[in-house]
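Just add 427 to the spot in the sequence shown (first one is 1) and you have the numbering used here.
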Amino acid sequence: MKPATKNKTLRITIPLMFIAILINQIAIYLYEIFGKSQNNETLTEIHAFAGLCFIILAVIHLILNWSWVKSQIFGIKKSKKD
C-alpha cells in the first residue's frame with residue numbers, strides 16, 4: 428500500500444476507533460444508570476455493535492501498522508536495498 432493511502436486510511440480509522448470506544452463507554456454508563464431497572468436491550472445491542480466495530484477497526488489499524496510492530500516488538504528491521 429502506498430504511504431499516502433496508508434496515512435489517509437489511518438486518519439480515518441483512528442478517529443472512528445475513538446468514537447467506537449466512546450459509544451461503548453457511554454452505553455455502559457447508561458446501562459449502569461437506567462438498564463438494570465428497565466432490563467434495557469437497546470443499550471446492550473449498542474454496546475455489542477460498537478465493540479464489534481472497534482475490534483474490526485483495531486485489526487485494520489494493526490494491519491496498517493504491521494511494519495512498525497515488526498520493527499519495534501519483534502526487532503525485525505527492513506533491509507535497505509542499494
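For each residue, glycine too, the CB sits at the ideal point set by N, CA and C. Note that the coordinates shown come from a computational prediction; the quantities given were computed from them, not determined experimentally.
Cβ-Cβ distance between residue i and residue j below 8 Å
| i | j | result |
| --- | --- | --- |
| residue 491 | residue 429 | no |
| residue 458 | residue 470 | yes |
| residue 443 | residue 489 | no |
N-terminal and C-terminal residue of the alpha helix (DSSP H) that residue i is part of
| i | result |
| --- | --- |
| residue 497 | 493–499 |
| residue 400 | No answer is possible for residue 400: it lies beyond the span of the chain, which begins at 428 and ends at 509. |
Distance between residue j and residue i (C-alpha atoms, nearest Å)
| i | j | result |
| --- | --- | --- |
| residue 467 | residue 461 | 8 Å |
| residue 439 | residue 487 | 11 Å |
| residue 431 | residue 503 | 23 Å |
Proximity test, residue i beta-carbon vs the ligand MG heavy atom, cut-off 7 Å
| i | result |
| --- | --- |
| residue 482 | No copy of the ligand MG occurs in the structure displayed, which carries no ligand at all. |
7 Å Cβ shell around residue i - same chain, five flanking residues per side excluded
| i | result |
| --- | --- |
| residue 481 | 444, 447, 448, 451 |
Answer yes if the stretch 471–480 comes into contact with the stretch 436–454, meaning at least three C-beta pairs across the two stretches below 8 Å, and no otherwise.
-> Touching, yes.
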